[in-house]
Amino acid sequence: MTGRRSTPLTIAMLAALAYFLLPLFWLLVASTKGTQDLFTTFGLWFSDSPQLWANIRATLTHDDGVFVRWLVNTGIYAVSSALGAALLAAAGGYGFAKFRFRGDRVAFNLVLGAIMVPTTALAIPTYLLFAKVGLVNTPWAIILPSLVSPFGLYLMRVYAQDAVPDSVLEAARIDGAGEFQIFARIAMRLLAPGFVTVVLFTLVATWNNYFLPLIMLSDPSLYPVTVGLASWAAQAVGGGSGANSDMLAYVVTGSLLSVIPLVVAFLLLQRYWQSGLATGGVKQ
Amino acid sequence: MRIAQRRAAGPLFVAPFLLVFVLLFIGPLAYAAYLSLFQDRLVGGTSFVGLDNYVTAIQDPQLIRGIARVATFFVIQVPVMLALALLFALALDSGLLRLSRVVRLGIFVPYAVPSVVAALMWGYLYGPDYGPFAQLARTLDLPAPRFLSDGWMLGSLANIVTWEFVGYNMIILYAALRAIPPGLYEAAAVDGAGAWRIAWSIKLPALRPALLLTLVFSVIGSFQLFNEPRLLKDIAPNVIDSGYTANLYAYSLAFTSQQINYAAAVSFLLGLVIVIVSYAVLLTANRGRNV
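Residue numbers (the working numbering), protein chains in the order written: chain A, 213 to 496; chain B, 946 to 1236.
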């Protein structure tokens, strides 16, 4: 494009940007305040006695460091779900894209229809089923349901169609490579950007999931950050005085700490999520 | 030999996904369908009641109110959100913007924020005593805005969801715009088309698949609304009751009042409503076209 830039448009977009960054700015400001200052100073500016580090230390050590436990849990749940779901989706998407077999259309359309079934409508039946087989209140209750990513399969199929040329597969077959070898050595390399996209989106979905762990887990030491923070927030509202009055500061600082890893991951991997979303939105 | 091997390989690649899919997707749905046909009574224990739970559900004023509320939410919030996303995507794509990278990332960042944290942050910002908007209003001697009151709550929730997802939808639309071959613009310019004409006649039609995708995701998101109302419920318990959204209702049926069978019927029904609305949206959008 030419160097023709519009100042009014830029100003309008920066105003919009302010709206999107305002809550995060508030969170940053609030994280530097002690409990008293949270109530007595203006919410959108720093107070005279900033204490970010003290807040972080207090949040991380409160209740025997349960928040660290929650962060670790979240990491374990999110990474294992994301890798598992992406592997299943990659193999499945590749299979649907590059092979014809009996029932392939029916199976694929069934999965495609599943994209429309809301995860929360599924969560209650899954809970009931897991309660029957004794999986409730274990890490598996969070990881297993997150392995099914119909949208991930759809993305990988669309991606595999373009990214893995049939000629490459044919050449490898003529050289005598087995189908599994071809997938592991050649196709997976070509599928890498799509794979990373699915990893990233499942990671975010599991990291941010609240409903499923809320109903599945009753033991606070198994909580992910979302459920833990919500339980702290409920306490902060419940008791406005005494031992609970510091709760609000913990909730605020904990929120800040839980937001940072994902924001950083997205900034670092933006190349991938953009091309991934492009794949989903452009071709249908 | 090679052809036979090739035929067998396809099912092998899709088998792991389909196995997990059947166990953890079809399985729970089938189990819910099964459970929804029973009733647990204090006297007489569990008994088969056929479709009784569904008959009760479609006449249950709590459920109807919950579904009507999320339908209202959908009709108001989604057009605003998608219009904003479209506007931002077109602005970014126009090449007229300075700092476009910063703007794009900044608008997208809320998507990376867990909805729990988003609801907590906005909950404090909305606060009638110590929220910054209330503080500002008091400084200016104005009445504090009552974001958490009965009349404003749905709008306040809509604002949180809009804040979270405008950027996500914007990126989908922006990516679709970037995929339009530049040759089309040159051809249109040669034919004398201006910027608006190009936006209307080339960009919007090319965005159709992406818009449909965002629309279907928005149907799913709106109708399963749970996290935001569940968290604001703690600070506004008199405004948000346990049946405020359909999903909140299903949750409290299962986990507060222990009505497992009825909860299964309600969540099954809710899933059905979403699938029907999604299909209706797709069919309406595709009417008269060969897709």
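Where a beta carbon is used, it is the ideal one built from N, C-alpha and C, also for glycine.
- Checking the DSSP bridge columns, you'll see Gln984/B partnered with Ser992/B.
- In terms of Cα proximity to Pro956/B, the closest of Val318/A, Leu359/A, Pro351/A and Leu347/A is Val318/A.
- One finds Phe958 in chain B with Cβ atoms closer than 8 Å to the Cβ of Phe395/A, taken in chain order.
- The beta carbon of Ser430/A sits closer than 6 Å to those of Asn349, all from its chain and outside the five residues before and after it, given in chain order.
- In this chain, the alpha helix (DSSP H) harbouring Arg1046/B covers Ser1045 to Phe1053.
- The continuous stretches of alpha helix (DSSP H) do not include Gln1203/B, and DSSP gives it neither H nor E.
- Relative to the Cα of Leu334/A, the nearest Cα in the group Gly1128/B, Ala978/B and Pro1077/B belongs to Ala978/B.
- Judged by DSSP secondary structure, Ile355/A falls within the alpha helix (DSSP H) whose first and last residues are Trp352 to Ser358.
- Under the Cβ criterion of 8 Å, Ile1052/B is counted among the residues facing chain A.
- For Thr465/A, the enclosing alpha helix (DSSP H) starts and ends at Met459 to Leu480.
- When Cβ-Cβ separations below 8 Å define contact, Asp316/A makes contact with chain B.
- Among the CB atoms of chain A, one or more fall inside 8 Å of the CB of Gln1080/B.
- If you check each beta-carbon in the region 1166-1185 of chain B against every beta-carbon of chain A, the ones closer than 7 Å belong to Phe1168, Gln1169, Phe1171, Asn1172, Leu1176, Asp1179 and Ile1180.
- Residues of the region 235-255 of chain A with a C-beta atom less than 8 Å from some C-beta of chain B are Pro235, Leu236, Trp238, Leu239, Ala242, Leu250, Phe251, Phe254 and Gly255, listed in chain order.
- Inter-residue distance for Gly995/B and Ile1219/B is about 23 Å (C-alpha atoms, whole angstroms).
- A Cβ-Cβ separation of about 28 Å leaves Met459/A out of contact with Tyr339/A under the 8 Å criterion.
- The Cβ atoms of Asn998/B and Tyr422/A do not sit closer than 8 Å to each other.
- Residue environment: Ser992/B is assigned as exposed (fewer than 16 neighbouring CB atoms within 10 Å of its CB, all protein chains considered).
- 8 Å or more divides the Cβ of Thr414/A from the Cβ of Ser470/A.
- Between the alpha carbons of Val1020/B and Leu1160/B lies a distance of about 11 Å.
- Nearest CB-CB separation between Trp1067/B and chain A: below the 8 Å threshold.
- Among the residues facing chain B, Ile288/A is not included, as its CB has no counterpart in that chain under 8 Å away.
- In the three-state DSSP reduction, Gly1216/B falls in the helix class (H, G or I).
- In chain order, Ala399 and Leu402 place their CB closer than 6 Å to the CB of Val376/A, counting only its own chain and leaving out the 5 sequence neighbours on each side.
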